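Quick note, the sequence shown lines up with residues 9 to 859 if you use the working numbering.
The beta-carbon is built from N, C-alpha and C at its ideal position, and this holds for glycine as well.
In this text the structure is predicted, and so the values were computed from the model without any measurement.
Before any comments, here is the structure.
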Amino acid sequence: MDIAKVIVDVPVRSTDRPFDYSIPESLKLWIEIGSRVAVPFGHRTVQGFVVSLESGETGSMSGLKPIQEVLDLIPPLSPELVELADWMSRKYACRRISSLQAMLPTALKGKAERLISLGESADELSAADGTDGFFPEEELFPMFTDTESEEREITEFVRRAGEVSMKQLTRSFPDAAETVKFMLRRGVLSESQSIKDKMGKKKIKVVDLTMDVDSAREALDGFPARSARQKEVFTFLIEMAAMLPLPLKEVLAVLQVTAGTVKGLEEKGYIEIGEIEVYRDPYQGRDFKPSKPLPLTLEQQSVYSRIAATVDEQQHEVFLLHGVTGSGKTEIYLQCIQRCLDQGRQAVVLVPEISLTPQMVERFKGRFGSGVAVMHSRLSAGERYDEWRKIREGKATVAVGARSAVFAPFTNLGLIIMDEEHETSYKQEENPKYHARDVAVRRAEQCGAAVILGSATPSLESYHAARSQSDIHFSPVLLEMPSRALGNPLPKVQVVDMREELKDGNRSMFSRRLHAALAERLERGEQTVLLLNRRGFSTFVMCRSCGYVATCPECDISLTFHSRSNNLRCHYCGHAEPAPQLCPECGSEHIRFFGTGTQRVEEELGKLFPGIRVIRMDVDTTTEKGSHEKLLGQFRDKKADVLLGTQMVAKGLDFPDVTLVGVITADSALNLPDFRAAEKTFQLLTQVAGRAGRHQLPGEVVVQSYTPEHYSIIHASGHDYHAFVRDELKHRRGLHYPPYCRLILVTLSHEQLPLLLRLAENYALNIQGKAKQLRWYGSLDKLSADALDLLGPVASPLPRLKGRYRFQCMIKWRGSIDAVGLARQVAAELEDSARDTGLQISIDVDPQMLM
Ligand code: ADP
Ligand code: ZN
Ligand code: ZN
Numbered sequence: 009m010d011i012a013k014v015i016v017d018v019p020v021r022s023t024d025r026p027f028d029y030s031i032p033e034s035l036k037l038w039i040e041i042g043s044r045v046a047v048p049f050g051h052r053t054v055q056g057f058v059v060s061l062e063s064g065e066t067g068s069m070s071g072l073k074p075i076q077e078v079l080d081l082i083p084p085l086s087p088e089l090v091e092l093a094d095w096m097s098r099k100y101a102c103r104r105i106s107s108l109q110a111m112l113p114t115a116l117k118g119k120a121e122r123l124i125s126l127g128e129s130a131d132e133l134s135a136a137d138g139t140d141g142f143f144p145e146e147e148l149f150p151m152f153t154d155t156e157s158e159e160r161e162i163t164e165f166v167r168r169a170g171e172v173s174m175k176q177l178t179r180s181f182p183d184a185a186e187t188v189k190f191m192l193r194r195g196v197l198s199e200s201q202s203i204k205d206k207m208g209k210k211k212i213k214v215v216d217l218t219m220d221v222d223s224a225r226e227a228l229d230g231f232p233a234r235s236a237r238q239k240e241v242f243t244f245l246i247e248m249a250a251m252l253p254l255p256l257k258e259v260l261a262v263l264q265v266t267a268g269t270v271k272g273l274e275e276k277g278y279i280e281i282g283e284i285e286v287y288r289d290p291y292q293g294r295d296f297k298p299s300k301p302l303p304l305t306l307e308q309q310s311v312y313s314r315i316a317a318t319v320d321e322q323q324h325e326v327f328l329l330h331g332v333t334g335s336g337k338t339e340i341y342l343q344c345i346q347r348c349l350d351q352g353r354q355a356v357v358l359v360p361e362i363s364l365t366p367q368m369v370e371r372f373k374g375r376f377g378s379g380v381a382v383m384h385s386r387l388s389a390g391e392r393y394d395e396w397r398k399i400r401e402g403k404a405t406v407a408v409g410a411r412s413a414v415f416a417p418f419t420n421l422g423l424i425i426m427d428e429e430h431e432t433s434y435k436q437e438e439n440p441k442y443h444a445r446d447v448a449v450r451r452a453e454q455c456g457a458a459v460i461l462g463s464a465t466p467s468l469e470s471y472h473a474a475r476s477q478s479d480i481h482f483s484p485v486l487l488e489m490p491s492r493a494l495g496n497p498l499p500k501v502q503v504v505d506m507r508e509e510l511k512d513g514n515r516s517m518f519s520r521r522l523h524a525a526l527a528e529r530l531e532r533g534e535q536t537v538l539l540l541n542r543r544g545f546s547t548f549v550m551c552r553s554c555g556y557v558a559t560c561p562e563c564d565i566s567l568t569f570h571s572r573s574n575n576l577r578c579h580y581c582g583h584a585e586p587a588p589q590l591c592p593e594c595g596s597e598h599i600r601f602f603g604t605g606t607q608r609v610e611e612e613l614g615k616l617f618p619g620i621r622v623i624r625m626d627v628d629t630t631t632e633k634g635s636h637e638k639l640l641g642q643f644r645d646k647k648a649d650v651l652l653g654t655q656m657v658a659k660g661l662d663f664p665d666v667t668l669v670g671v672i673t674a675d676s677a678l679n680l681p682d683f684r685a686a687e688k689t690f691q692l693l694t695q696v697a698g699r700a701g702r703h704q705l706p707g708e709v710v711v712q713s714y715t716p717e718h719y720s721i722i723h724a725s726g727h728d729y730h731a732f733v734r735d736e737l738k739h740r741r742g743l744h745y746p747p748y749c750r751l752i753l754v755t756l757s758h759e760q761l762p763l764l765l766r767l768a769e770n771y772a773l774n775i776q777g778k779a780k781q782l783r784w785y786g787s788l789d790k791l792s793a794d795a796l797d798l799l800g801p802v803a804s805p806l807p808r809l810k811g812r813y814r815f816q817c818m819i820k821w822r823g824s825i826d827a828v829g830l831a832r833q834v835a836a837e838l839e840d841s842a843r844d845t846g847l848q849i850s851i852d853v854d855p856q857m858l859m
């Protein structure tokens, strides 16, 4: 192979294609598909990835620039991942370099660095000089430096180092810029560029004997008595011979000797000090209780054997595992992983970032020990890099991590598990805007692996795909586990109508029921979890007397309150109306902007229950690294009566003494301006209810709501997922929302509002025009399978961000048409025609965040 096709790291659209480079003879053995290379591009050196190799026919090689350097001994990407990146770029309309980079730890985002070495004319300088580094005039006049002596110093400095970065050189010779330039021009120094990684491998110094133990014992007998400290070190190393090499730091600490003592011993030739590479281990020093496979319940057994059969056959198949909270899904995951490892293959476990608590990690490390690599954003960049290396170097066989772990560089992947598959955090909100579920399915398809999507509340997309077997994404096999593994019942859920509370004169945020339940827990010394769901900048208007919420007549989502214009707007279709002073339903004045902070709830708790111990967990109290774990640890140790928080407290926690879960306002999730609001409410209530009574003590859940008649609240309190899905699907079908169509959210931004408006109108018109030509355009009401509709442009929910105005269009489509390609093509054309005006267009395929 003589030609490499390389995707370069240059962030403009015109470079979003492979460029050809010739492969120098010396690099031929090293370059593979997936290699990271340094290549010349324009006047710079940039990082790139080899995506294919070709043998050059005579003549085709002329004019090709050669690859400069291969940056890793083992290519960081496999051909399989390179192919996956290509697919991702097409599916999510993003640049190929951004897909490739999303697969690697940030430590490998190399940047070009200028390197200085001696040039061809360097020898002339020292030959002419002849003094070889001896500068008599400087000894006579130490303050005096002329250009010539400065040149000699610099030459010596570079000669000794072989190669130095421009940065190092300017640091050592801060005033020599002119001289260095002069030397470069004359060829005394020469300049090249290389790619330097942000982060290196970590190395530590270690001590080892230079001889076998027997010879060392003999040598010890003749050891000079004067050097008692050195003798002590030598003796120690002989005793520890089986453990060698030992980290120098530990030797110093244990024996309380100085580095000088050890150095002295090395000079005598008895020992040697070397360096070894180590992995930064984020879980170092922690013990994980080993766990053995549990005998499965009947329900678990039937699910397990179904999946195990597929794993054994090394077939690609997707399973949707719908199991109620506490049904023992994790045990199924663990045993399926074991099955996969027995086949000599590897496994990836994806969990939402928020549930990567020590509890979760413990369950996997406890079963599979150090073969588990953990990847999440709370690790340092160095730790993440090392966990990733453990996988690539074959030292780990199981990866547990948040969404990007789907790219774990395993070479023989047999199983991908996605826990809580309905979680929105699986969708990345920056480029590439991928959904880890779709990527997981695609990757598993490539390598003949099984996928388990697990949840107590599967997303409607996945569930519908499993039921109808006709979805365009994938068709999972549905497996259900309706009962809890330990046999204890799901907790009783009581819904409190907050309108009644107001009517009876209770203006507090706590209903009488929740107040009494809390008091009981305090008396009995049991614990309570309180959920206050308030996310984003949700600003809907609600009547506290009757529960009325203003919604869009077209789209049936909550209208958003805009205080400046004092009106209500729909950010799907643009419908606007004035904000009401009185409730249009019941005429009450208690209609107002809705929302309470966790801090206010905490204050109120303190007033109602003097001395109550509350741990508050929200974005404010969990910014520091490790704070999340610390707070949960305190709660587990019963240092608090109440754990109060946002949706962070709803997921995955398992505390035996929690017997009460209170949801302060179920409605704040229900009235988000998002067509998934009901689904999110149902999921959240189900999850948080699952935190109560998981062990011996029975649990109780109190849900406060102003709209207790809403089907998501009724079905959540009855633990009836199937009934919820039935109602919700009916609703979605009528209004043409996923899973009955797919969405593309296109956001245009610009500093000037009038220009942006015109460009956004243009975008919408061009899409509609092209879709008409292709006979795609039309309302989704029509029965035809292929259809495309466009809503907007309207101001985005965040109408201005960082000085830029934002407008959006929503494309709804269905069938086998290439709607993504169309959205992307029209965006590219508009960007080209509006070049230099600073227009930015972002495309979000299958968006999750619609607020
Ligand atoms: P899920 O992930 O479905 O919410 P978990 O895996 O956390 O459920 O299981 C709930 C509880 O049941 C845990 O305490 C777990 O140890 C226990 N459990 C699961 N399977 C079994 C089993 N086969 N036998 C005994 N206990 C089990
Ligand atoms: Zn009202
Ligand atoms: Zn609307």
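- Its chain contains Val14, Ile15, Gly42, Ser43, Arg44, Val45, Leu85, Val90, Ile105, Leu108 as the residues whose beta carbon lies nearer than 8 angstroms to that of Phe57, once the 5 sequence neighbours on both sides are disregarded; these appear in chain order.
- If you look at Gly390, you'll find it in the alpha helix (DSSP H) that goes 389-400.
- Within 10 angstroms of the beta-carbon of Leu494 lie fewer than 16 other beta-carbons, which makes it exposed.
- For secondary structure counted as the beta strand (DSSP E) over 3 or more consecutive residues, the stretch 779-846 holds these complete runs in sequence order: 795-809, 812-822.
- A distance of 8 angstroms or more separates the beta carbons of Phe643 and Ile620.
- About 5 angstroms separates the CB atoms of Ala464 and Val332; that is less than 8 angstroms, so the two are in contact.
- The beta carbons of Glu325 and Thr318 sit about 5 angstroms from each other, so the pair counts as a contact at 8 angstroms.
- Between the stretch 434-447 and the stretch 393-409, the count of Cβ pairs shorter than 8 angstroms is below three; the stretches do not touch.
- Residues Gln238, Val241, Phe242, Ile279 of the same chain have their beta carbon placed closer than 7 angstroms to that of Leu273, with the five preceding and five following residues left out of the count.
- Between ligand 2 and Tyr556, a heavy atom-to-CB distance of less than 7 angstroms is present.
- One Cα belongs to Ser60, the other to Leu37, and the distance between them is close to 15 angstroms.
- By the beta-carbon neighbour count (other beta carbons within 10 angstroms, threshold 16), Ser519 is buried.
- With contacts defined as CB atoms closer than 8 angstroms, Leu539 and Gly653 qualify as a contacting pair.
- Pairing Arg832 with Pro807, the inter-Cα distance amounts to about 22 angstroms.
- The beta carbon of Cys455 lies closer than 7 angstroms to those of Glu88, Leu421 in the same chain, with the five residues before and after it left out.
- Taking 7 angstroms as the cut-off, the C-beta of His583 counts as close to a heavy atom of ligand 3.
- With a minimum length of 3 residues, the unbroken runs of beta strand (DSSP E) contained wholly in the stretch 450-487 fall at 458-463.
- Here Tyr714 is not near Arg608, since their CB atoms are 8 angstroms or more apart.
- Residue pairing by DSSP places Tyr29 opposite Ala12 in a beta bridge.
- With distances taken between CA atoms, Glu562 lies nearest to His583 out of Tyr556, Thr568, His583, Asn574.
- If the five residues before and after Pro48 are omitted, its C-beta is found closer than 7 angstroms to the C-beta atoms of Lys73, Gln76, all from its own chain and listed in chain order.
- Here the C-alpha atom of Lys276 lies approximately 18 angstroms from the C-alpha atom of Lys213.
- Here the stretch 746-755 does not lie against the stretch 720-733, with fewer than 3 beta-carbon pairs under 8 angstroms apart.
- Fully contained in the stretch 254-299 are the following alpha helix (DSSP H) runs of length 4 or more, in chain order: 256-263, 267-275.
- Of Cys581, Asp564, Glu585, Ile565, the smallest CA-CA separation from Ser573 is found for Glu585.
- Relative to the non-hydrogen atoms of ligand 1, the Cβ of Pro303 comes within a distance shorter than 7 angstroms of at least one.
- Counting the other Cβ atoms within 10 Å of the Cβ of Ala413 gives 16 or more, which makes it buried.
- Within the chosen limit of 7 angstroms, ligand 2 does not reach the beta carbon of Cys348 with any heavy atom.
- Excluding its 5 nearest sequence neighbours in each direction, Phe231 has C-beta neighbours in its own chain below 6 angstroms: Lys239, listed in chain order.
- The alpha helix (DSSP H) runs lying completely inside the stretch 697-740 and spanning 4 residues or more are 719-725, given in chain order.
- Within the same chain, Cβ atoms closer than 6 angstroms to the Cβ of Leu705 are found at Thr667, the five residues on either side in sequence being excluded.
- The residues Tyr100, Asp852, in chain order, have a CB closer than 6 angstroms to that of Lys441 in the same chain once the five nearest residues on each side in sequence are set aside.
- Secondary structure of Gly230 (DSSP, three-state): coil.
- Within the stretch 150-224, the runs of alpha helix (DSSP H) that reach at least 4 residues and sit entirely inside it are, in chain order, 155-169, 174-180, 185-194.
- Contact between the stretch 108-121 and the stretch 389-405 is present, with at least three C-beta pairs closer than 8 angstroms.
- Boundaries of the alpha helix (DSSP H) around Met368: 366-376.
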